[in-house]
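Please read the structure below before turning to the comments.
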Amino acid sequence: MGKTINEIKIGDKASVTKTISETDVYLFAGITGDFNPAHVNSEYAKATPFNQRIAHGMLSAGLISTVLGTKLPGPGTIYLEQQVSFLAPVFIGDTITAEVEVIAKLEKNRLKLRTTCYNQNEKVVLHGEAIVMPRREVV
Numbered sequence: 051m052g053k054t055i056n057e058i059k060i061g062d063k064a065s066v067t068k069t070i071s072e073t074d075v076y077l078f079a080g081i082t083g084d085f086n087p088a089h090v091n092s093e094y095a096k097a098t099p100f101n102q103r104i105a106h107g108m109l110s111a112g113l114i115s116t117v118l119g120t121k122l123p124g125p126g127t128i129y130l131e132q133q134v135s136f137l138a139p140v141f142i143g144d145t146i147t148a149e150v151e152v153i154a155k156l157e158k159n160r161l162k163l164r165t166t167c168y169n170q171n172e173k174v175v176l177h178g179e180a181i182v183m184p185r186r187e188v189v
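In this note's numbering, the protein residues as written are 51 to 189.
Following this line, the structure appears as structure tokens:
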């Protein structure tokens with residue numbers, strides 16, 4: 051099970067890393083219905099400022115959910131809120147690390163976390179803040 055609020059300290063961090071594949075982009079498009087040609091059409095993407103297809107921003111942001119639900123706080127976490135800014139494109143083949151850091155303990159069994167994703171060159175591609183509710187202690 052995941053950690054309770056009493057087991058978590060300000061400054062605690064966790065991360066996951068994933069290489070974004072073409073399959074990931076198509077599966078995300080299929081699940082969400084977002085078939086924007088910037089993501090799925092190579093010819094169209096050549097005429098964009100990026101000169102190639104880009105992954106959906108929310109695909110990278112979704113890796114934050116992976117960290118929250120599997121590592122920190124971990125299983126049992128309820129994801130309540132996310133503010134996110136997309137700072138740089140993610141390309142197929144990029145390796146993205148999603149990292150969360152506890153920055154505050156709030157009332158009502160809630161945590162505020164800094165959320166960041168960066169690529170294999172350590173360039174930040176998105177950042178923001180999340181509010182989560184870790185699992186409660188079982189009495």
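Here a beta-carbon is modelled for each residue, glycine too, at the ideal position from N, C-alpha and C.
Q) Where does E72 sit, in a helix, a strand or coil, going by DSSP? A) helix
Q. Of the choices G61, N56, L122, whose alpha-carbon is the least far from that of I153?
A. Selected option, being the one with the closest Cα: G61.
Q | M183 - containing beta strand (DSSP E), residue span | A | 174-183
Q. Which one of E149, K162, N56 has the shortest CA to CA distance from K173?
A. Closest by alpha carbon: E149.
**Q.** Residue range of the unbroken alpha helix (DSSP H) whose run includes T98
**A.** Per DSSP, T98 belongs to no alpha helix (DSSP H) and is neither H nor E.
Q) Nearest-angstrom Cα distance between T82 and M51? A) 29 Å
Q) Pick from E187, T127, T145: whose alpha carbon is nearest that of L161? A) T127
Q. Between which two residues does the beta strand (DSSP E) harbouring L156 extend?
A. 145-156
Q. Which ranges does the beta strand (DSSP E) cover as unbroken runs of at least 3 residues, wholly within the stretch 112-138, from first to last along the chain?
A. Here the runs fully enclosed are 128-136.
Q) Can you list, in chain order, the residues of its chain whose CB lies under 6 Å from that of F100, leaving out five sequence neighbours each side? A) P139
**Q.** For K96 and G107, the rounded distance between their alpha carbons
**A.** 18 Å
Q. Mapping DSSP to helix, strand and coil, what is T165?
A. strand
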